[in-house]
Amino acid sequence: MKAGPFGIRTSRTTTPRPVIRLVHCLLLTTSLISALLTAGCKGETTASQAATPPAVVVAEVIRKNVPVYGEYVAQTVANAVVDIPARVEATLEKVLFVEGASVKKDQILFELDKRTTQVQAARAALSKAEADLVYARQQVETQRAKAQLAQNEAQLAKAKQDVNRLRPLIKEDAVPQQDFDNAVAAQDVAQAQVDAARAQLANTQLTERTQVDIMQAAVQSTRAALIQAELNLSYCTIRSPIDGLSGRKKWSVGNLVGKGDATTLVTISSANPIWVDFSASELDYLRFTKRQEARKEDPLHAAGELEYALILADNSVFPYTGKFMLVERGLDPKTGTLTVRTQFANPSLLLRPGQFGRIKVMLEERPNAVLVRQRAVIELQSAKSVLVVGPDNKVALKSIITEDRYDQYFVVGKGLSGGERVIVEGQQKARPGMTVAPTLEQAPPAPASPTPGVAPPAAPAPLAPPARPKAR
10 MKAGPFGIRT SRTTTPRPVI RLVHCLLLTT SLISALLTAG CKGETTASQA ATPPAVVVAE
70 VIRKNVPVYG EYVAQTVANA VVDIPARVEA TLEKVLFVEG ASVKKDQILF ELDKRTTQVQ
130 AARAALSKAE ADLVYARQQV ETQRAKAQLA QNEAQLAKAK QDVNRLRPLI KEDAVPQQDF
190 DNAVAAQDVA QAQVDAARAQ LANTQLTERT QVDIMQAAVQ STRAALIQAE LNLSYCTIRS
250 PIDGLSGRKK WSVGNLVGKG DATTLVTISS ANPIWVDFSA SELDYLRFTK RQEARKEDPL
310 HAAGELEYAL ILADNSVFPY TGKFMLVERG LDPKTGTLTV RTQFANPSLL LRPGQFGRIK
370 VMLEERPNAV LVRQRAVIEL QSAKSVLVVG PDNKVALKSI ITEDRYDQYF VVGKGLSGGE
430 RVIVEGQQKA RPGMTVAPTL EQAPPAPASP TPGVAPPAAP APLAPPARPK AR
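Per my numbering, the very first residue in the sequence shown carries number 10; after that it's consecutive.
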């Protein structure tokens, strides 16, 4: 006896070979029947699964009047930045402001040592110069020269009289010739003395006028020195020239400041209002410029100003809207953009110069625009498409062209006309030509309509899921 196939013990002497072949055939037939039964059960299960369409969530493509917004990276800019210098050389004695806090115009920021201004010395020098000027204007030497000239002129007149009296007498030999010659000589001397006195008077007058001019110049110079000393004294009390925010102080109490060039003590920048700059493309610039011109013609917007919203770094919206200030003179050839400046009120000083954010402004308003949920759009290599569920719940693939964004939607330029149902959940389970079980998504809260009197579309009622087929 020995073990044969399938664990059956056989014996060459007792079991014939045909019996063994019969057992083998029975075992093979049993295996084939089991395999066929198993395959039949699997096929029935697969058919049952194929008969149940996959469940997907769809959203309706809507038409609506929508505003088209542009968003741009923006940065805050102070409309005035002032470096506060020390204008005189003196020791810093007091710091009277809080670093980084707001300051008011004419608020005292620093005080310097006032003892170095020498105001008293300048006042004394001015008093002396004014006294010298008064003395120079007295013209004492001129009066003396005039008196001397008058005396010499009197002597000349007497000498002329003597000559005139002796001249007829000398013709008659009534007087000696010597007396007449002495009288003529005395007249010449008197004339010379008169000429000298007149020259002395002119010289004295010129000297005194020059002296008066010098004294007047000295008075003006000392008066200017006094004004400068008083100005330097005022510079010892340093005030803020504007309302704004202070930076950190650059010098501490006890330092000698203002030596040589002016020393910057602190920088003040204005913050209310504050400027916000952003760069817009040439196309967007033309769009909102045309919209602004259109608003000027609209009686409801006679001011013609667009409203600019500022979105901060934490995605919160700044509570004040901005207004247009200016556009840069020319297009930047490197970036192809124009710098636009807006102005925002900033009473709480939340905005500081140099902060980044995003400016949002309405570029245009599109009537009856086709909107599709952003979640429904499939992007592949810059091509966009959606899976559309038809009335028979069959899936079709449609290519679309989007133009702008609006809330949670894309504005569709081509490919959809409105009213279609597009798959927003379950795209991975659906294929073109496949039948699906759609469930309509509850529409998100629609933003307020930009056109007066146009209400946002109402959300359609959800579709009832199709009945499952009965299992066989």
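Note that CB positions come from ideal geometry on N, CA and C, so glycine has one too.
Boundaries of the alpha helix (DSSP H) around Phe189: 186–244. Segment contact: the segment 63–73 against the segment 372–381, three or more CB-CB distances shorter than 8 Å; contact assigned. Taking all protein chains in view, the Cβ of Gln229 is surrounded by fewer than 16 other Cβ atoms within 10 Å, so the residue is classified as exposed. The Cβ neighbour count for Lys180, taken over all protein chains shown within 10 Å, is under 16; the residue is labelled exposed. It is roughly 40 Å from the alpha-carbon of Val285 to the alpha-carbon of Leu242.
In this structure the segment 177–192 does not lie against the segment 208–222, because fewer than three pairs of beta carbons, one per stretch, are closer than 8 Å. When Ile93, Ala89, Arg232, Arg72 are compared, the shortest CA-CA separation from Ala131 is found for Arg232. A distance below 7 Å between beta-carbons, with the five flanking residues on each side excluded, links Asp188 to the following residues of its chain, in chain order: Leu175. For Ser426 and Phe365, the gap between their C-alpha atoms comes out near 39 Å. Nearest to Glu373 by alpha-carbon distance, out of Ser136, Val398, Ala303, is Ala303.
Cβ contact annotation for Glu450 (same chain, cutoff 7 Å, sequence separation greater than five): Val66, Val67, Ala68, Val433, in chain order. Under DSSP, Gln352 takes part in a beta bridge, and its partners are Trp284, Lys332.
The beta-carbon separation of Gly435 and Ala64, rounded to 7 Å, stays under the 8 Å limit for a contact. The residue among Tyr244, Val203, Leu274, Val82 with its C-alpha nearest the C-alpha of Val91 is Leu274. Between the beta-carbon of Val203 and that of Asn161 there is about 5 Å, and that keeps the pair under the 8 Å contact cut.
Check the Cα spacing between Glu388 and each of Ile368, Thr411, Lys259, Leu315: the tightest is with Thr411. Of all alpha-carbon atoms in Ile409, Ser408, Lys403, the one lying nearest the alpha-carbon of Pro441 is that of Lys403.
Going by beta carbons, Asn281 and Ala227 fall outside the 8 Å limit. Here Ala392 is not near Val431, since their CB atoms are 8 Å or more apart.
In this structure Lys423 is exposed. Its beta-carbon is surrounded by fewer than 16 other beta-carbon atoms within 10 angstroms.
Looking at the DSSP output, Ala378 shares a beta bridge with Lys73. Judged by DSSP secondary structure, Thr276 falls within the beta strand (DSSP E) whose first and last residues are 272–278.
When Ser255, Lys369, Ala205, Gln225 are compared, the shortest CA-CA separation from Val143 is found for Gln225. For Ile247, the closest C-alpha among the options Arg375, Ala208, Lys137, Asp115 is that of Asp115. Rounded to the nearest angstrom, the gap between the Cα atoms of Val336 and Val349 is 5 Å. Lys73 sits buried, since 16 or more C-beta atoms from the chains shown fall within 10 Å of its C-beta.
The alpha carbon of Gln352 has as its nearest neighbour, out of Thr330, Asp341, Thr344, Lys268, the alpha carbon of Thr330. Taken through DSSP and simplified to helix, strand or coil, Asp171 comes out as helix. The continuous stretches of beta strand (DSSP E) do not include Thr61, and DSSP gives it neither H nor E. Using a Cβ distance threshold of 8 Å, Thr85 and Arg257 do not count as a contacting pair. In the structure shown, Glu316 falls within a coil segment according to DSSP collapsed to helix, strand and coil. Within the model, the alpha-carbon separation for Ser136 versus Leu235 is close to 11 Å. For the 8 Å CB-CB criterion, Glu102 and Leu118 do not form a contact. Membership of Pro447 in the beta strand (DSSP E) is indicated by the continuous run 446–449. For Gly267, the closest alpha carbon among the candidates Pro94, Pro76, Phe287 is that of Pro94.
Rounded to the nearest whole angstrom, the C-alpha separation of Val107 and Tyr317 is 33 Å.
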